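Going down the list, the sequences are from chains A and B.
So the mapping is simple: this note's numbering equals the position in the first sequence, first residue as 1, plus 588.
So the mapping is simple: this note's numbering equals the position in the second sequence, first residue as 1, plus 2.
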Amino acid sequence: MALLEVKNLGISFGGLRAVDDFNLTIEQGELYGLIGPNGAGKTTIFNLLTGVYKPTDGYIMLDGENITGKKTIEINRHGVARTFQNIRLFNELTVLDNVKAGLHNHHPYSTLTGILRLPKYYRVEKEMNERAMELLKVFGLEQEADYKASNLPYGQQRKLEIARALATDPKLLLLDEPAAGMNPNETQELMKTIRFVRDEFHMTILLIEHDMKLVSGICERLTVLNFGQVLAEGETTEVLNDPKVIAAYLGE
Amino acid sequence: MSKKMKVRNLSKTTKSNLITYGMVIVAYIIVEIFLRAGMVSSLIEGLLVPLCVYVILAVSLNLTVGISGELSLGHAGFMCVGAFAGATFSKCLENVITFGILRFTLAIIVGTLCAALFGILVGIPVLRLKGDYLAIVTLAFGEIIKNVVNVIYLGRDSRGFHISIKDTISLGLEDDGEVIIKGAQGITGTPNDSTFLWGIILILITLFIVINLINSRTGRAIMSIRDNRIAAESIGISVTKYKLLAFSVSAALAGTAGVLYAHNLATLTALPKNFGYNMSITILVFVVLGGIGNIRGSVIAAVVLTLLPELLRALNDYRMLIYAVILIATMIFTSSPGGQAIQERIKLFFERRKTKEA
Numbered sequence: 589m590a591l592l593e594v595k596n597l598g599i600s601f602g603g604l605r606a607v608d609d610f611n612l613t614i615e616q617g618e619l620y621g622l623i624g625p626n627g628a629g630k631t632t633i634f635n636l637l638t639g640v641y642k643p644t645d646g647y648i649m650l651d652g653e654n655i656t657g658k659k660t661i662e663i664n665r666h667g668v669a670r671t672f673q674n675i676r677l678f679n680e681l682t683v684l685d686n687v688k689a690g691l692h693n694h695h696p697y698s699t700l701t702g703i704l705r706l707p708k709y710y711r712v713e714k715e716m717n718e719r720a721m722e723l724l725k726v727f728g729l730e731q732e733a734d735y736k737a738s739n740l741p742y743g744q745q746r747k748l749e750i751a752r753a754l755a756t757d758p759k760l761l762l763l764d765e766p767a768a769g770m771n772p773n774e775t776q777e778l779m780k781t782i783r784f785v786r787d788e789f790h791m792t793i794l795l796i797e798h799d800m801k802l803v804s805g806i807c808e809r810l811t812v813l814n815f816g817q818v819l820a821e822g823e824t825t826e827v828l829n830d831p832k833v834i835a836a837y838l839g840e
Numbered sequence: 003m004s005k006k007m008k009v010r011n012l013s014k015t016t017k018s019n020l021i022t023y024g025m026v027i028v029a030y031i032i033v034e035i036f037l038r039a040g041m042v043s044s045l046i047e048g049l050l051v052p053l054c055v056y057v058i059l060a061v062s063l064n065l066t067v068g069i070s071g072e073l074s075l076g077h078a079g080f081m082c083v084g085a086f087a088g089a090t091f092s093k094c095l096e097n098v099i100t101f102g103i104l105r106f107t108l109a110i111i112v113g114t115l116c117a118a119l120f121g122i123l124v125g126i127p128v129l130r131l132k133g134d135y136l137a138i139v140t141l142a143f144g145e146i147i148k149n150v151v152n153v154i155y156l157g158r159d160s161r162g163f164h165i166s167i168k169d170t171i172s173l174g175l176e177d178d179g180e181v182i183i184k185g186a187q188g189i190t191g192t193p194n195d196s197t198f199l200w201g202i203i204l205i206l207i208t209l210f211i212v213i214n215l216i217n218s219r220t221g222r223a224i225m226s227i228r229d230n231r232i233a234a235e236s237i238g239i240s241v242t243k244y245k246l247l248a249f250s251v252s253a254a255l256a257g258t259a260g261v262l263y264a265h266n267l268a269t270l271t272a273l274p275k276n277f278g279y280n281m282s283i284t285i286l287v288f289v290v291l292g293g294i295g296n297i298r299g300s301v302i303a304a305v306v307l308t309l310l311p312e313l314l315r316a317l318n319d320y321r322m323l324i325y326a327v328i329l330i331a332t333m334i335f336t337s338s339p340g341g342q343a344i345q346e347r348i349k350l351f352f353e354r355r356k357t358k359e360a
């Protein structure tokens, strides 16, 4: 059974049909790319998958459970985590606290326990610190744990966002333009990191990207979106050589 | 290496918090010594309990404004709820519980819980709004609470409690009856239980609650919502729950301050001066000047800004003059090219120092 199955998904904003009849099947452990020109509806699809928007039609199945139209926090608890096109970190919190916020639902204790500093508080906080440091180490951010998140350089902010998403222990990770604003070296490093995350955490990853080097380098399958509709889908090399895709998006 | 850094950082926050507690305790000891030595004017002595009230209000409002990031202008309203609930409780049980400490403790609990309840009731609709809109609606709620309290008549006789919003006669009390809340005339004869020591104890409890709340899982959730609501939702943090929690804890602590305030007065009335818009703004000024999100700053600002006008009373005639000069100087300093150049230089100086330290 596929990890993510999207059938006939569509959404209209008034008279505008932003996404129409969108189908997508992603297998467990796959690295899947979603590409297309600006305004094609890629981020809208992410917002539909994470419950920011409610679809007007169609359904979304995650690991056999119907998550269509659920709230964002419920969908996260079902196992979907994401990053954002324009980085959304908790800027005033430390790097460590950003990741610990991601661990919120996995290491719970009550507010009263926190205020009264009961033994459970110290135990769970210690667990959280250890887990968060583990995750930061994966992204090479352990030295920056005490920095304010907004003080990190751009590339590291992107990584921190991924670390925070992973802290929620998702089944499916959605990356919205992870390489945006990165230089070629940083992109190379990011590709390694994404592959590492997939192998190390056995993660299923769906990503939106404009950087074709990254897409052709790590994605196994692709879907190309144009004007809210699927233009092509399949193996990466096949799709990228598809004349329709070249005409609509890649250019000669 | 990184672990060492973390441990040092942890102790740094703990150290900073201990300094805050220590500051309050030291201040208490010093004032107490001066009081014993008879070196405090009656004017300042009368100011000690209100000072504690302001500190608690400032710290609690900082939870809403600084930590939760919501501009609330109705904080005095919650203080009003706490004051009247606590005073009513004390007045009713004045002859039942003669042991002052117990009665006052219970009054504090009652006042705090009532304010918390109002915090939740007001918070549910209000927290759907953002920014300026939230500020306007909290302002309105604060005024509504004050005005409603102003028309309540509450009496008690052998048949139980009577409530009216018209006048004392419509309460229909028996001969043995007693009016507790007399509308705009408020509550008279609340037992005078508030002392400076109580104030200090309540400040310490407030600090304990707020500081521990901030440095816990709950505080992290509240601050993550403040920093980025959409991202907080995306990692499974319930925005409504934590916003409401911060708001109602803040309201509850304002209620505590209200109880302390009420038991320091012979007559408790809901005036614009003490529970109105002006009071809310005064508390907000403490928070802003002390530094938004900075708890120790709130304590210091509340103390300094309450004492300063009293200590500088001798300069009263020149107040408007000094005010105008400061205003003009500020404008010149912030907007003229020369002033900006000086600012830049100061900024550079501090940045250089910071990098050196790091």
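Beta carbons: idealized from backbone N, C-alpha and C, even for Gly.
The structure displayed is predicted, hence computed values, not measured ones.
Through-space distance from residue j to residue i, alpha-carbon basis
{"i": "Ile-623(A)", "j": "Ile-69(B)", "result": "39 Å"}
{"i": "Phe-351(B)", "j": "Met-770(A)", "result": "32 Å"}
{"i": "Thr-781(A)", "j": "Pro-643(A)", "result": "32 Å"}
{"i": "Lys-5(B)", "j": "Glu-797(A)", "result": "With a pLDDT of only 46 at Lys-5(B), under the threshold of 50, the placement of this residue in the model should not be trusted; the figure read from the coordinates follows. Roughly 36 Å between the two C-alpha positions."}
{"i": "Leu-681(A)", "j": "Ser-44(B)", "result": "45 Å"}
{"i": "Gly-340(B)", "j": "Leu-329(B)", "result": "17 Å"}
{"i": "Ala-836(A)", "j": "Ser-600(A)", "result": "23 Å"}
{"i": "Val-843(A)", "j": "Gly-822(A)", "result": "The structure shown has nothing for residue 843(A), since chain A only spans 589 to 840."}
{"i": "Gly-102(B)", "j": "Met-225(B)", "result": "40 Å"}
{"i": "Ala-89(B)", "j": "Met-281(B)", "result": "19 Å"}
{"i": "Glu-808(A)", "j": "Leu-619(A)", "result": "6 Å"}
{"i": "Thr-825(A)", "j": "Gly-238(B)", "result": "36 Å"}
{"i": "Ile-147(B)", "j": "Val-83(B)", "result": "7 Å"}
{"i": "Thr-792(A)", "j": "Tyr-710(A)", "result": "33 Å"}
{"i": "Ile-58(B)", "j": "Phe-210(B)", "result": "11 Å"}
{"i": "Leu-677(A)", "j": "Ala-755(A)", "result": "14 Å"}
Residue-chain proximity (residue i, chain A), Cβ-Cβ < 7 Å
{"i": "Thr-22(B)", "result": "no"}
{"i": "Asn-276(B)", "result": "no"}
{"i": "Thr-220(B)", "result": "yes"}
{"i": "Leu-115(B)", "result": "no"}
{"i": "Asn-214(B)", "result": "yes"}
{"i": "Asn-230(B)", "result": "yes"}
{"i": "Ala-85(B)", "result": "no"}
{"i": "Ser-160(B)", "result": "no"}
{"i": "Met-225(B)", "result": "yes"}
{"i": "Ala-118(B)", "result": "no"}
{"i": "Ala-233(B)", "result": "yes"}
Identified DSSP bridge partners for residue i
{"i": "Tyr-263(B)", "result": "BP columns for Tyr-263(B) are empty, so no partner."}
{"i": "Gly-621(A)", "result": "Leu-795(A), Leu-810(A)"}
{"i": "Glu-823(A)", "result": "Arg-809(A)"}
{"i": "Gln-745(A)", "result": "Answer is none; Gln-745(A) lacks a bridge partner."}
{"i": "Asp-764(A)", "result": "Ile-796(A)"}
{"i": "Gln-817(A)", "result": "Asn-814(A)"}
{"i": "Ile-189(B)", "result": "Leu-270(B)"}
{"i": "Lys-736(A)", "result": "Thr-682(A)"}
Span of the beta strand (DSSP E) around residue i
{"i": "Thr-613(A)", "result": "604-614"}
{"i": "Val-668(A)", "result": "668-670"}
{"i": "Lys-184(B)", "result": "180-184"}
{"i": "Arg-158(B)", "result": "155-159"}
{"i": "Asp-645(A)", "result": "645-650"}
{"i": "Phe-163(B)", "result": "162-166"}
Neighbour flag for residue i against chain B, beta carbons, 7 Å
{"i": "Gly-690(A)", "result": "yes"}
{"i": "Gly-743(A)", "result": "no"}
{"i": "Glu-732(A)", "result": "no"}
{"i": "Gly-702(A)", "result": "yes"}
{"i": "Glu-777(A)", "result": "no"}
{"i": "Thr-756(A)", "result": "yes"}
{"i": "Leu-592(A)", "result": "no"}
{"i": "Phe-678(A)", "result": "yes"}
{"i": "Ile-750(A)", "result": "no"}
{"i": "Asp-685(A)", "result": "yes"}
Residue interval of the alpha helix (DSSP H) (run including residue i)
{"i": "Leu-291(B)", "result": "279-292"}
{"i": "Asn-596(A)", "result": "Element bounds for Asn-596(A): not the alpha helix (DSSP H) but the beta strand (DSSP E), 592-601."}
{"i": "Asp-134(B)", "result": "133-152"}
{"i": "Ile-368(B)", "result": "In the structure as shown, chain B begins at 3 and stops at 360. Residue 368(B) is therefore absent and cannot be evaluated."}
heavy atom of the ligand NAP below 6 Å from residue i C-beta
{"i": "Gly-144(B)", "result": "Questions concerning the ligand NAP fall outside what the structure shown contains, since it holds no ligand whatsoever."}
Problem - Members of the segment 602-632 of chain A that neighbour chain B once the beta carbon cut-off is set at 7 Å - result: none
Exercise for the section: Would you list, in chain order, the members of the segment 236-269 of chain B that have their beta-carbon closer than 7 Å to a beta-carbon of chain A? Expected result: Ser-236, Ile-237, Gly-238, Ile-239, Ser-240, Leu-247
Problem - Chain-ordered residues of the segment 201-212 of chain B with a beta carbon less than 8 Å from chain A - result: Phe-210, Ile-211
Practice task
Could you run through the segment 642-656 of chain A and flag, in chain order, every residue whose CB is less than 9 Å away from some CB of chain B?
Solution key: Per Cβ criterion, the list is empty.
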